[in-house]
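Numbering (this note's numbering), first residue to last: 104 to 228.
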């Protein structure tokens, strides 16, 4: 018997209970990680779906503006799209602060003029 070996049966039950609790904690932790990963994958898929829907929708809206609405200035439509993107980014980053700026201190006016204006000029050409 367990008593003749110098051990108390209650000690074994306590160890067994502790082992069960540790296993439950591990399962709970694994489930939380799995749930977090599932949410991350679902969010990524949602972003991809929105991206795939917005692109063609913008093409159709631009077509409607230029053909059906009779606005025959494609460069102006493109410029309005760029301005809308800039205003939207400003609102998301500076006003709502949904996306933090990680390297804001690196973007000086000279950096902006040297790099961003070059990209803008190349895009416009």
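Note that the Cβ used here is the ideal one computed from N, Cα and C, for glycine as well. All of these numbers come straight from a predicted model, not from anything done at the bench.
Whether or not the segment 176-184 and the segment 160-168 are in contact is what I'm after, with contact meaning three or more pairs of Cβ atoms, one per stretch, closer than 8 Å; do they touch? yes
Between 120, 188, 135 and 223, which lies nearest to residue 157 when the distance is taken from Cα to Cα? 188
Express the C-alpha separation of residue 146 and residue 152 in angstroms, rounding to a whole number. 10 Å
Near residue 204, what residues of its chain come up, given a Cβ to Cβ distance below 8 Å and the 5 sequence neighbours on each side ignored? 196
Is residue 88 helix, strand or coil when you go by DSSP? Residue 88 lies beyond the range of the chain shown here (104 to 228); nothing can be said about it.
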